Amino acid sequence: MKQYPWAVPAIIVVCAIVLAAGPLVLPPFYVRVGQLMLYSSGLAVAWAILGGFAGYGSFGHAAFIGVGAFAAGLVEERFSSLPTPLLLPLGLIVGGLACAVLSAAVAYPILRLRGTFFAIAMLGVCHVCAELNNNLDVLQGSLGLNFPAITPTGWDPANFFYQLYLAAGTIVLLIAWQIRRSRFGAGLLSIREDEDTARMLGVPTERYKRIAFVVSAVLTGLLGVIYGHSLGYITTDSVYRDDTNLSLVVYSLLGGMGTLFGPVIGAFMLVFITQVVLARLLDFHLFATGLLLVVLVLAAPGGVLGFVRSYRLRRRSTAAAPAE
Amino acid sequence: MVHSKKATRRRVMANFGVALGAAALGAPAIRPAHAQVKTLVIGGSVPLTGAAAETGLNVNNGYITAVSYINDVLGGVEIAGEKYKIDLKLFDDASDPARATTLIQRQIDEGTNFFLGSFGSNIVLPTAAITERAKKPMVQTGGGSDAIFTRGYKFVFGMFPRATRQFAATAAMFKSLQPLPSTYSVIWTNDAFSKTAAEGVRLSCDAAGFKRIDGYELPAKPTDVSSVLGSVRATTPDLLVCVMHDQNSLLVARQMVATNTNVKLLFQGLGPQLASFREALGKHSEYLCCSTYWDENVPFKDKFFGDSKKFVEYYKTKFTRPIAYHVAGAAACIETYILAMQAAKSTNPEAVRDALAAANYETFYSRIKFTPEGDGDELLMGGMIGQVQKGKLEIVFPAAAASAKPLYPAPDWDKKA
Amino acid sequence: MNLIAQTLADGLVLGGIYALAAVGFSLIFGVLHVINLSHGILVLLGAYLALIFSTTLHIDPLLTMPMVMVVLFAVGYVYQRFLIQQAVDRSPLGSMLLTFGVALMLQNIMIWVFSPDMRNITPTYAFTSFKLGPIAFDAVRVSCLLASLVLLSCLAALLKFSPLGRVIRATAQQTLAARLCGVNVRHVYALTFAVSAAFAGAAGIVIGIILPFSPADEGTWTLNAFVVVVLGGVGSPAGALIGGLLLGIVSTLTAQYIGPSFPNVTMFLLLVLLLLVRPQGLLGNAFAPSR
Numbered sequence: 001m002k003q004y005p006w007a008v009p010a011i012i013v014v015c016a017i018v019l020a021a022g023p024l025v026l027p028p029f030y031v032r033v034g035q036l037m038l039y040s041s042g043l044a045v046a047w048a049i050l051g052g053f054a055g056y057g058s059f060g061h062a063a064f065i066g067v068g069a070f071a072a073g074l075v076e077e078r079f080s081s082l083p084t085p086l087l088l089p090l091g092l093i094v095g096g097l098a099c100a101v102l103s104a105a106v107a108y109p110i111l112r113l114r115g116t117f118f119a120i121a122m123l124g125v126c127h128v129c130a131e132l133n134n135n136l137d138v139l140q141g142s143l144g145l146n147f148p149a150i151t152p153t154g155w156d157p158a159n160f161f162y163q164l165y166l167a168a169g170t171i172v173l174l175i176a177w178q179i180r181r182s183r184f185g186a187g188l189l190s191i192r193e194d195e196d197t198a199r200m201l202g203v204p205t206e207r208y209k210r211i212a213f214v215v216s217a218v219l220t221g222l223l224g225v226i227y228g229h230s231l232g233y234i235t236t237d238s239v240y241r242d243d244t245n246l247s248l249v250v251y252s253l254l255g256g257m258g259t260l261f262g263p264v265i266g267a268f269m270l271v272f273i274t275q276v277v278l279a280r281l282l283d284f285h286l287f288a289t290g291l292l293l294v295v296l297v298l299a300a301p302g303g304v305l306g307f308v309r310s311y312r313l314r315r316r317s318t319a320a321a322p323a324e
Numbered sequence: 001m002v003h004s005k006k007a008t009r010r011r012v013m014a015n016f017g018v019a020l021g022a023a024a025l026g027a028p029a030i031r032p033a034h035a036q037v038k039t040l041v042i043g044g045s046v047p048l049t050g051a052a053a054e055t056g057l058n059v060n061n062g063y064i065t066a067v068s069y070i071n072d073v074l075g076g077v078e079i080a081g082e083k084y085k086i087d088l089k090l091f092d093d094a095s096d097p098a099r100a101t102t103l104i105q106r107q108i109d110e111g112t113n114f115f116l117g118s119f120g121s122n123i124v125l126p127t128a129a130i131t132e133r134a135k136k137p138m139v140q141t142g143g144g145s146d147a148i149f150t151r152g153y154k155f156v157f158g159m160f161p162r163a164t165r166q167f168a169a170t171a172a173m174f175k176s177l178q179p180l181p182s183t184y185s186v187i188w189t190n191d192a193f194s195k196t197a198a199e200g201v202r203l204s205c206d207a208a209g210f211k212r213i214d215g216y217e218l219p220a221k222p223t224d225v226s227s228v229l230g231s232v233r234a235t236t237p238d239l240l241v242c243v244m245h246d247q248n249s250l251l252v253a254r255q256m257v258a259t260n261t262n263v264k265l266l267f268q269g270l271g272p273q274l275a276s277f278r279e280a281l282g283k284h285s286e287y288l289c290c291s292t293y294w295d296e297n298v299p300f301k302d303k304f305f306g307d308s309k310k311f312v313e314y315y316k317t318k319f320t321r322p323i324a325y326h327v328a329g330a331a332a333c334i335e336t337y338i339l340a341m342q343a344a345k346s347t348n349p350e351a352v353r354d355a356l357a358a359a360n361y362e363t364f365y366s367r368i369k370f371t372p373e374g375d376g377d378e379l380l381m382g383g384m385i386g387q388v389q390k391g392k393l394e395i396v397f398p399a400a401a402a403s404a405k406p407l408y409p410a411p412d413w414d415k416k417a
Numbered sequence: 001m002n003l004i005a006q007t008l009a010d011g012l013v014l015g016g017i018y019a020l021a022a023v024g025f026s027l028i029f030g031v032l033h034v035i036n037l038s039h040g041i042l043v044l045l046g047a048y049l050a051l052i053f054s055t056t057l058h059i060d061p062l063l064t065m066p067m068v069m070v071v072l073f074a075v076g077y078v079y080q081r082f083l084i085q086q087a088v089d090r091s092p093l094g095s096m097l098l099t100f101g102v103a104l105m106l107q108n109i110m111i112w113v114f115s116p117d118m119r120n121i122t123p124t125y126a127f128t129s130f131k132l133g134p135i136a137f138d139a140v141r142v143s144c145l146l147a148s149l150v151l152l153s154c155l156a157a158l159l160k161f162s163p164l165g166r167v168i169r170a171t172a173q174q175t176l177a178a179r180l181c182g183v184n185v186r187h188v189y190a191l192t193f194a195v196s197a198a199f200a201g202a203a204g205i206v207i208g209i210i211l212p213f214s215p216a217d218e219g220t221w222t223l224n225a226f227v228v229v230v231l232g233g234v235g236s237p238a239g240a241l242i243g244g245l246l247l248g249i250v251s252t253l254t255a256q257y258i259g260p261s262f263p264n265v266t267m268f269l270l271l272v273l274l275l276l277v278r279p280q281g282l283l284g285n286a287f288a289p290s291r
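Chains as they are written, first to last, in our numbering: chain A, 1 to 324; chain B, 1 to 417; chain C, 1 to 291.
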């Protein structure tokens, strides 16, 4: 991989093109599952920019999904007279901007906390946003917000949103890849390893953390805007969900915390399990999801990629050991 | 020794496998041959876990009661000369709209043509959007929010009038009380249904000439209402109207008793209809009013069960859970579908949809008629008012369906012997 | 004047209950450094057990406390020793996710066994109230407050004066040194968790008497515990009491003067604010390593 640095994005783009053909062959249910998988993996990678690379695992990223979706929806409702193709870009800009402002405002104080305190603080921020959204009538959180239909005529909405999520997810993944191979990314990784030492060695930790936080928040918000459109009608409960907050952590844990593709793998796996496998088991899904988490933590704390890595290491070491 | 044990176990497993295989092969032959009965698939989601699970379970049981009665007791229904049994395909949406929409889509793929609704407007709306787009009818008893019926959907029908119209009956009953009350206050919780319902209360009561003193909004899951009750004690409205779900109604009622907050009439939209509510409050539940959409004493006749009493009897053979009106409403959804199909003489979704729009059927639940937007007709399907009298829920309004007269004003809490 | 006094009184009563509901969580965080996301479900387990015991044995719900606490003590010990300890060894985030997974599983089991309906425990004195001067008190809530205070003092006494308490404090302050002194740290961790679970169960009884409850409520009580711990400080009953009382008063004041639907907003704002200003809480970490 090192000799051909452009191999990774090329592979990503090729995979994206292959996936784009999905709706042509898959029945609509699987297209919807595909939507959820792409949406979740986009969110997972956006979260991982802060949580995986920098080690600041946030338990409240659903705040940005909600803020992005509601900001976009409210503005689009106000400007509903605009021609339809302009509505989604307008929503994306407004949603992204709202998340940027919120995260920039919150970043300075919140990033002084570390570890579990940071996680809880972000959970608190998420709930504050959710409650304000719910209780201030002008934000229409409890009554619900309607999104305009943005699907171009002739295009099946499920297919349209699938392609939207695919495009968004690919962009997020490419951004994450670029971050990871840049000096900025190396700085983030050093923050995860040992923040104080990194700072002593001259890494501008505060600035990097803030940039990562805002980037992560904006990308999450953009995905939230698309999510709002795909649901069509949202209330506070549809977007500021605690189970989303936890899922974002689980995706990285399942796939491999801190890796680039780990969150994607984790997202695909978890969505597959909960939507396809467990869909048939009416009464069991909470139990089964819980069991999965327990087994995951006990058996494979490094996630899938961590497991693969340790397996490969073990193979290499037994191969190198002298034969008995 | 070990070797022979393994062989024995393997042999046992092999024998078992052969026996199973034989049974599987033979099973179809064992099934009795009977006349060609077709299956009618009705799909949908209900919240069996999550926030809406308590009523979701009632709705689920209602669907099951109707379907099993039709299949087992009646042996199926006849539509356009063919006999049909109903195959009910429901799944748990865990009170999550994203999950509900994905799984409804799967059902549409698999060829399901008719849908039942979930419970909770925030789940019903997105799922209704999908069934509408696929041009499949949805008959639901779980979403009353105006948003569902003002989007121009043609394939969605609801068993209740929309939330802002649900209080016409209540206001009319208030007007019939002697001596005439003059003031009222409203308490509601901050969620899509209660807010629009509270708006409906305001519209109906103001139109009926009552003066509104105050409106109080509680969080969606209140834990303490002492400050609101303090205000109520200070402003003494004649009527106090609570629009919220049953557990919150119970909280309000208990704290009212404990703080000795008295009003001449306490109306709680959801709460006193449930036996568990009345039991928890004991003698303090006397005189409390609620809206009810059905009760086993309603006089409607029905070609499936006969009447409500027989419905309740059959329900009790299947479930031990106390019955609530959502059970009946859900069963009525199934009946409405069958009646519409019989009227349309077809199981084609679009034909059935037209029959539903023109519906005017009598079921044990009530007379079924929809407005042009799809919600229940205000007068025919709007609620009745019940009042707890001597531990029982009596219907006190409208007079045509009443089993008792409304008692007003209510005595103070500590005087309820 | 009266209104403020009444509001404050209501807040204190509510706060005492919040404190009891959070003290177990606080202890676990202080001693084991584990965030127990299954705290809420243990509280609900207490509530359901109290419901069963009080209806089958026909006794006042508060009297079921010893039985419920014993059951939850046993459950907590086994849970920690054989499940959580494994996760603690492996990764810091792991224990959080493990407890979350167990919470989901227990929630599903409760839904199967008890159905998702709202339940409540109604003691015989559920509707009485009394007045102290111009301020009205709800008898149920006051008796629950008294129960909370008694239990919190018992726990404080346990931690301060009993041998077990000393061992727990020692393990929390300097784990390695405790081990070197011969303390079986795993056993102590399990005992701490067991005590904490017992208190969660007791809190559940109290909550079950005051509010309607159902399996879906478990998240609320875990979140509540978070806020109380952040406000009051980690690891001590006094901290939990301060945090709980503060939360209770803030809730009722907000409900009275800003609007009945805003207490949650202020609760979380307070959480975030305190995390920024004084993350170890007002009383700090009770087990801060000694110099």
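Virtual Cβ for every residue (Gly too), placed ideally from N, Cα, C. Note that the structure is predicted; figures quoted are calculated from it, not measured.
By the CB criterion at 9 Å, C/A147 and C/L51 fall outside the cutoff. Across the structure, C/S38 and C/V272 are spaced so that their CA atoms are roughly 22 Å apart. Interface with chain A (9 Å Cβ-Cβ cutoff): C/F100 is included.
In the structure shown, the three-state DSSP call for B/R367 is strand.
Judged by DSSP in its simplified three-state form, C/L132 adopts strand. The beta-carbon of A/H127 is placed less than 9 Å from the nearest beta-carbon of chain C. In the same chain as B/W294, and ignoring 5 residues on each side of it, the C-beta atoms closer than 6 Å to its own belong to Y325, A328, Y365, in chain order.
Annotated as distal: A/V31 and A/T170, with beta-carbon spacing of 9 Å or more. Residue pairing for B/M384: DSSP places it in a beta bridge opposite B/T292. Between B/Q273 and B/K309, the alpha-carbon positions lie close to 17 Å from each other.
C/L37 sits in coil when the DSSP states are folded into three classes, being neither helix nor strand. The C-alpha of A/L254 is placed about 15 Å away from the C-alpha of A/S310. Of B/F91, B/A53, B/L266, B/A253, the smallest CA-CA separation from C/M118 is found for B/A53. DSSP, reduced to helix, strand and coil, places B/F91 within a strand of the structure shown. Its chain contains L87, L90 as the residues whose beta carbon lies nearer than 8 Å to that of A/F79, once the 5 sequence neighbours on both sides are disregarded; these appear in chain order. In the structure shown, the three-state DSSP call for C/G284 is coil. The C-beta of B/C333 has 16 or more other C-beta atoms within 10 Å across all chains shown, which makes the residue buried.
For B/G269, the closest C-alpha among the options B/D246, B/L251, B/S276, B/E279 is that of B/D246. Closer than 9 Å to the CB of A/I234 there is at least one CB belonging to chain B. Put simply, of C/L158, C/N120, C/M110 the residue whose alpha carbon is nearest the alpha carbon of B/S249 is C/N120.
The contact set of B/R106 on chain A, defined by CB atoms closer than 7 Å, consists of F29 in chain order. When the five nearest sequence neighbours on each side are left out, the beta carbons in the same chain lying within less than 7 Å of the beta carbon of C/A87 are those of G94, S95, L98, in order along the chain. When Cβ pairs closer than 8 Å are counted between the two stretches, the region 227 to 238 of chain A is seen to touch the region 117 to 133 of chain B, the count reaching three or more. Under the 9 Å criterion on CB atoms, B/N248 is classed as non-interfacial with respect to chain A. Among the residues of the region 40 to 73 of chain A, those with a Cβ less than 7 Å away from any Cβ of chain C are G57, in the order of the chain.
If the five residues before and after B/G111 are omitted, its C-beta is found closer than 8 Å to the C-beta atoms of V41, all from its own chain and listed in chain order. Cα atoms of C/A9 and C/R141: separation of roughly 11 Å, rounded to the nearest angstrom.
The continuous alpha helix (DSSP H) containing A/I175 extends over residues 157 to 181. Taking 9 Å as the cut-off between beta carbons, the residues of the region 235 to 265 of chain B near chain C are H245, D246, Q247, N248, L250, L251, R254, Q255, V257, A258, T259, N260, in sequence order. C-alpha of C/D60 to C-alpha of C/G201: approximately 16 Å in a straight line. Beta-bridge analysis with DSSP links C/W112 to no other residue.
Taking a Cβ-Cβ cut-off of 7 Å, A/L24 has no neighbours in chain B, whose nearest Cβ is about 15 Å from it.
For B/C242, the uninterrupted beta strand (DSSP E) run begins and ends at 239 to 243, by DSSP.
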